[in-house]
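Undergrad: Protein sequence lines correspond, in order, to chains A and B. Numbering-wise (the numbering used here), the first sequence opens with residue 1 and increments by one. Numbering-wise (the numbering used here), the second sequence opens with residue 1 and increments by one. Each residue gets a CB set at the ideal place from its N, CA and C atoms; glycine is no exception.
Number of protein chains: 2
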Amino acid sequence: MAEHAAIVGAGVIGAAWAARFVLHGIDVKISDPSPHAERIMGEVLDNARAAWAGLGLPEPVEGTITFCDSIAGAVTGAMHVQESAPEDPDIKISILEAIAAACPPDTVIASSTSGIKPSVLQPSIVNRERMLVGHPFNPVYLLPLVEVCGGDLTSSEAIETAMATYSSISMKPLHVRVEIDAFIADRLLEAVWREALWLVNDGVATTEEIDDSIRYGFGLRWAQMGLFETYRIAGGEGGMGHFIAQFGPTLSWPYSKLMDTPDLTNELVDTIEQQSDEQSGMHTIRELEGIRDRNLVAFLRALESAEWGAGATLKEQRGRLG
Amino acid sequence: MAEHAAIVGAGVIGAAWAARFVLHGIDVKISDPSPHAERIMGEVLDNARAAWAGLGLPEPVEGTITFCDSIAGAVTGAMHVQESAPEDPDIKISILEAIAAACPPDTVIASSTSGIKPSVLQPSIVNRERMLVGHPFNPVYLLPLVEVCGGDLTSSEAIETAMATYSSISMKPLHVRVEIDAFIADRLLEAVWREALWLVNDGVATTEEIDDSIRYGFGLRWAQMGLFETYRIAGGEGGMGHFIAQFGPTLSWPYSKLMDTPDLTNELVDTIEQQSDEQSGMHTIRELEGIRDRNLVAFLRALESAEWGAGATLKEQRGRLG
């Protein structure tokens with residue numbers, strides 16, 4: 001069919017969206033003012049193809065990629081628009097207005113924002129009931145999760161259409177039923193990020209020690225079960241009730257640093273950058289991406305064998321493509 | 001040698017400590033007043049043996065397990081004591097006093113507490129300079145991380161000895177250099193737990209939706225790289241500096257629920273239990289343990305192939321045992 005997906009803003013996130021669509025046989029048209037956009041797209045597509053092969057999926061019949069000089073050029077006739085512009089409400093709103101003015105009236109317009117409510121973004125655009133948030137996770141071509149959140153003015157049809165579109169490119173759409181800032185996953189991430197900043201700020205732990213405290217321990221649990229399911233098991237035969245009875249009271253202890261946010265002084269930012277360089281400056285970002293992707297591929301294949309969690313999504317993908 | 005490790009308190013955590021020692025050829029003596037202790041030990045050891053086989057490690061020459069009627073019986077002559085009593089300072093202090101009175105004067109006494117500072121636990125025990133925290137992560141026989149934290153009165157020799165003991169049973173000891181409540185990992189976990197409770201309390205998301213938001217997305221990243229390393233990559237070619245410049249300002253946005261703790265009302269606890277039952281009530285806790293362990297084994301083997309993170313610890317283990 002002649003319909004295509006439009007990618008507006010093609011940095012690391014937008015390019016990975018494009019790669020996911022293309023590998024599922026869907027043509028994409030891209031609008032991005034950066035002189036680096038074509039190069040980034042090529043690099044991300046290389047990563048995505050390597051991941052696809054690593055997953056052992058059938059040889060893809062790839063869609064085409066067309067770079068357009070304008071937003072209108074990319075979104076005219078699109079069956080889905082994914083906006084991945086910088087995380088600034090004013091910038092996003094002006095781009096969304098331009099998208100809405102040029103694309104078909106019932107085409108879903110999804111923003112990749114990780115924190116801004118769709119109700120903030122949608123009021124001034126044409127046919128605003130088809131605007132919503134579709135928040136993905138880096139690397140978008142490998143991680144299945146996308147949070148779908150409508151605003152006050154979003155129609156239920158738009159939500160359903162977006163969920164179906166994301167399912168068709170082998171994602172796990174999670175409908176965020178109540179509109180809140182930062183949706184679900186990023187609220188959890190923000191909470192951790194704040195606390196981690198305090199630990200660095202106060203000299204308690206380095207970035208590497210904090211990362212190690214995650215990846216040698218609870219991170220390995222979370223990759224398959226998340227938070228509550230892990231605690232259900234930790235409660236032993238008593239399950240969740242026993243767990244909460246045992247550990248719930250510690251919640252009221254004065255871990256006061258959890259309640260506040262450190263100032264991002266130049267000194268703190270310098271400290272983080274320096275520690276991060278010491279931790280992994282021996283690898284380029286490109287090498288780290290490769291390591292990350294190969295590990296993710298191995299995890300997803302392991303989970304597929306177990307027919308569990310994100311592996312179930314991969315299994316569905318294989319079935320649909322096979 | 002005649003020396004053994006003493007396990008005081010053998011619930012899910014203590015029994016898994018015992019399994020880790022025994023599978024590394026070290027005899028253990030256990031003290032636990034529960035009538036269920038021997039049964040739990042048997043079940044946990046079965047799980048640990050299955051995990052060991054799953055990791056493809058050489059057939060273990062197992063140490064012996066002896067149940068003792070008293071704390072003194074278990075700790076007399078011990079080369080290391082691991083206390084895993086209920087998470088209550090008064091209970092732990094009285095048990096630690098009994099341990100210290102009976103075990104050799106220079107034997108390290110480690111508490112498995114997930115949050116209580118060693119300075120709170122150690123003042124009243126004999127030879128208190130050898131007391132410290134060795135905080136493990138469930139399942140202890142599979143996850144390598146153990147946080148080692150000394151109190152005001154702990155000697156550096158005790159820290160070094162504990163680190164060496166944990167390394168000898170193929171763990172990744174992380175020295176928590178600054179003593180704080182909840183150490184490092186559990187401060188991060190507490191932050192997430194609070195926010196997750198708000199999301200359930202406010203009806204934003206169910207326990208399953210929250211778990212899915214982790215295990216289909218960032219959880220898969222954290223299992224291998226943790227928080228900062230992931231963001232280093234997310235910053236693209238600009239690395240950490242670019243990432244903080246881009247997303248740092250959102251920290252000051254009013255995500256106010258992060259700053260407070262919901263009351264653990266009966267209603268909230270009931271809601272969590274009910275949602276957790278709907279999510280995974282079709283599996284027994286035992287089945288969930290099996291699924292978790294098989295997934296962890298697969299992740300660790302994948303990471304070992306990549307010579308990365310927790311896989312590096314497994315590789316060392318294989319080298320030491322091989």
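By DSSP's criteria, A:S112 is part of a beta bridge. Which residues make up the other side?
TA: In the first sequence, residue 112 of chain A corresponds to position 112, counting from 1. According to DSSP, A:S112 bridges with nothing at all.
Undergrad: Drop a sphere of 10 angstroms on the beta-carbon of B:V61, count the other beta-carbons inside from all chains shown, and report buried for 16 or more, exposed for fewer.
TA: What you label residue 61 of chain B is simply residue 61 of the second sequence in a count that begins at 1. Answer is exposed; the Cβ neighbour count stays below 16.
Undergrad: Indicate the three-state DSSP secondary structure (helix, strand or coil) for B:T161 in the structure shown.
TA: Here the question's residue 161 of chain B lines up with position 161 in the second sequence. In the three-state DSSP reduction, B:T161 falls in the helix class (H, G or I).
Undergrad: If you draw a straight line from the C-alpha of A:A302 to the C-alpha of A:I125, how long is it?
TA: Stepping through the first sequence from its first residue, residue 302 of chain A is reached at position 302. Stepping through the first sequence from its first residue, residue 125 of chain A is reached at position 125. Distance between the alpha carbons of A:A302 and A:I125 is about 44 Å.
Undergrad: Quick one: residues in its chain with C-beta nearer than 7 Å to the C-beta of B:K117, no 5 flanking neighbours on either side, listed in chain order?
TA: Translated into the one-based positions of the second sequence, residue 117 of chain B becomes position 117. Hits under 7 Å: G151, E179 and D181.
Undergrad: Bridge partners of B:Q82, per DSSP?
TA: Your numbering for residue 82 of chain B matches position 82 in the second sequence. B:Q82 pairs with B:I7 and B:A110.
Undergrad: Mind checking who A:K29 pairs with in its DSSP beta bridge?
TA: One-based indexing of the first sequence puts residue 29 of chain A at position 29. Partner(s): A:A6 and A:T66.
Undergrad: Please classify A:T206 as buried or exposed, where buried requires at least 16 neighbouring CB atoms within 10 angstroms.
TA: The residue you call residue 206 of chain A lines up with position 206 of the first sequence. With 16 or more other Cβ atoms from the protein chains shown falling within 10 Å of its own Cβ, A:T206 counts as buried.
Undergrad: Which term fits A:G9, buried or exposed, when burial requires 16 or more other beta carbons within 10 angstroms of its beta carbon?
TA: If you number the first sequence from 1, residue 9 of chain A lands on position 9. Classification of A:G9: buried, given that the 10 Å Cβ count is 16 or more.
Undergrad: Measure from the C-beta of B:K172 to each C-beta in chain A and report whether the shortest distance is under 8 Å.
TA: The sequence position of residue 172 of chain B within the second sequence is 172, counting from 1. Answer yes: the Cβ-Cβ gap between B:K172 and chain A drops below 8 Å somewhere.
Undergrad: Taking 8 Å as the threshold (beta carbon to beta carbon), is B:D90 in contact with chain A?
TA: Taking the first residue of the second sequence as position 1, residue 90 of chain B is located at position 90. By this cut-off, B:D90 is not an interface position.
Undergrad: Which complete beta strand (DSSP E) runs does the region 171-251 of chain A hold, if anything under 3 residues is left out?
TA: Within the region 171-251 of chain A, the complete beta strand (DSSP E) segments at least 3 residues long are 172-175, listed from N- to C-terminus.
Undergrad: According to DSSP, is A:G134 part of a helix, a strand, or is it coil?
TA: Locating residue 134 of chain A in the first sequence gives position 134, counting from the first residue. It is a strand residue.
Undergrad: By DSSP, does A:V120 sit in helix, in strand, or in coil?
TA: Reading the first sequence from its first residue, position 120 is the one you call residue 120 of chain A. Three-state DSSP puts A:V120 in a helix.
Undergrad: Note down, in chain order, each residue of its chain lying with its Cβ closer than 6 Å to the Cβ of A:A5, except the 5 sequence neighbours on either side.
TA: Reading the first sequence from its first residue, position 5 is the one you call residue 5 of chain A. Excluding sequence neighbours, A:A5 sits near F21, I26, V28 and H80.
Undergrad: What is the DSSP secondary structure of A:V148, counted as helix, strand or coil?
TA: Along the first sequence, read from residue 1 onward, the residue named residue 148 of chain A stands at position 148. Looking at A:V148 - three-state DSSP - the assignment turns out to be strand.
Undergrad: Does A:P35 come out as helix, strand or coil in the three-state DSSP assignment?
TA: Against the first sequence, residue 35 of chain A aligns to sequence position 35. Looking at A:P35 - three-state DSSP - the assignment turns out to be coil, as it is neither helix nor strand.
Undergrad: Strictly under 8 Å for the Cβ-Cβ distance: is A:D32 near chain B by that measure?
TA: In the first sequence, residue 32 of chain A corresponds to position 32, counting from 1. Cβ-Cβ to chain B under 8 Å: no for A:D32.
Undergrad: Tell me whether B:S276 is buried or exposed, calling it buried when 16 or more other Cβ atoms sit within 10 Å of its Cβ.
TA: The sequence position of residue 276 of chain B within the second sequence is 276, counting from 1. Result: buried.
Undergrad: Which of the three DSSP states, helix, strand or coil, is assigned to B:M282?
TA: Sequence index remark: in the second sequence, residue 282 of chain B carries index 282 (1-based). Coil.
Undergrad: Using three-state DSSP, classify B:I91 as helix, strand or coil.
TA: Here residue 91 of chain B corresponds to residue number 91 of the second sequence, with the count starting at 1. Here B:I91 sits in helix by DSSP.
Undergrad: The alpha helix (DSSP H) that contains B:L23, what's its start and end?
TA: In the second sequence, counting from the first residue as 1, residue 23 of chain B sits at position 23. It spans V12 to L23 - the alpha helix (DSSP H) in which B:L23 sits, taken as one unbroken run.
Undergrad: Between which residues of its own chain and A:S168 is the CB-CB distance below 8 Å, once the five residues before and five after are set aside?
TA: On the first sequence, position 168 is the one that residue 168 of chain A refers to. H24, listed in sequence order.
Undergrad: Is the CB of A:I233 under 8 Å away from at least one CB in chain B?
TA: By 1-based counting over the first sequence, the position of residue 233 of chain A is 233. Yes, contact with chain B.
Undergrad: Does the region 45-55 of chain B come close enough to the region 297-313 of chain B that 3 or more CB-CB pairs lie under 8 Å?
TA: yes
Undergrad: What does a CB cutoff of less than 7 Å around B:A223 pick up in its chain, not counting 5 residues either side in sequence?
TA: Here residue 223 of chain B refers to the residue found at position 223 when the second sequence is read from its first residue. Excluding residues within five positions, the ones whose Cβ falls inside 7 Å are F299.
Undergrad: Any idea what DSSP makes of A:W52, helix, strand or coil?
TA: Here residue 52 of chain A corresponds to residue number 52 of the first sequence, with the count starting at 1. If DSSP states are grouped into helix, strand and coil, A:W52 belongs with the helices.
Undergrad: Give the secondary structure of A:T313 by DSSP, where H, G and I count as helix, E and B as strand, and everything else as coil.
TA: Taking the first sequence and counting its residues from 1, the one referred to as residue 313 of chain A is at position 313. Taken through DSSP and simplified to helix, strand or coil, A:T313 comes out as helix.
Undergrad: For B:A234 and B:G63, I'd like the C-alpha separation in whole angstroms.
TA: Numbered from its first residue, the second sequence carries residue 234 of chain B at position 234. Numbered from its first residue, the second sequence carries residue 63 of chain B at position 63. The alpha-carbon atoms of B:A234 and B:G63 are separated by roughly 46 Å.
Undergrad: Does the beta-carbon distance from A:R232 to A:G239 come in below 8 Å?
TA: Here residue 232 of chain A refers to the residue found at position 232 of the first sequence. Here residue 239 of chain A refers to the residue found at position 239 of the first sequence. Result yes, Cβ atoms of A:R232 and A:G239 sit closer than 8 Å.
Undergrad: Does DSSP put A:S256 in a helix, in a strand, or in coil?
TA: If you number the first sequence from 1, residue 256 of chain A lands on position 256. At A:S256, the pLDDT of 48 sits below 50, so the modelled position is not reliable and the matter cannot be decided from this model.
Undergrad: Using a Cβ-Cβ cut-off of 8 Å (strictly less than) and excluding sequence neighbours within five positions of B:I95, which residues of its own chain qualify?
TA: On the second sequence, residue 95 of chain B is found 95 positions in, with the first residue counted as 1. Cβ neighbours of B:I95 beyond the five flanking positions: V8, G9, I71, E83 and A85.
Undergrad: Apart from the five residues on each side of it in sequence, which residues of its chain come closer than 6 Å, Cβ to Cβ, to A:P139?
TA: For the purposes of this step, residue 139 of chain A is taken as the residue at position 139 of the first sequence. Hits under 6 Å: A16.
Undergrad: Would you check if there are 3 or more beta carbon pairs closer than 8 Å linking the region 267-274 of chain A to the region 184-204 of chain A?
TA: As far as the Cβ criterion goes, the region 267-274 of chain A touches the region 184-204 of chain A, which means the pair count is three or higher.
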